[in-house]
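Numbering (this note's numbering), first residue to last: 356 to 432.
Only one structure is covered here, and it is reproduced in the block below.
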Amino acid sequence: MAFPVRTCALVGRSADPRIAESVATLLPHLARRGVTVLVSEDAELGAEFAGISRVPESEIGARAELVIAVGGDRKSV
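What follows is the structure in structure tokens.
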């Protein structure tokens, strides 16, 4: 059975090394399932990963079927 989500966005405090580790683990899992991954065009992932599409943050909600917040959102409280 195929993973039902085709487009997923990853959001979070991407400059945090703990977040980068989680994202690096999650990306191959999503790629094996044929999921297109969206990240904000200003996300600081520390490395480029195959299968990621950088998009304006304002487009993520309209384009993603699923949004995964890794370590919380980018906004400081």
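Note that the Cβ used here is the ideal one computed from N, Cα and C, for glycine as well.
In this structure, DSSP gives A386 a helical state, which the three-state scheme calls helix. The straight-line gap separating the alpha-carbon atoms of E412 and A405 is approximately 19 angstroms. The DSSP-derived three-state label of S413 is helix.
Per the DSSP secondary-structure output, G426 pairs with nothing in a beta bridge.
Only residues of its own chain outside the window of five on either side were considered, and among them A364, V366, L393, S395 and V422 have a CB closer than 8 angstroms to the CB of I415, listed in chain order.
In the DSSP assignment, the residues bridged to L421 are C363. Secondary structure of S408 (DSSP, three-state): strand. Between V390 and V425, the gap from beta carbon to beta carbon reaches 8 angstroms or more.
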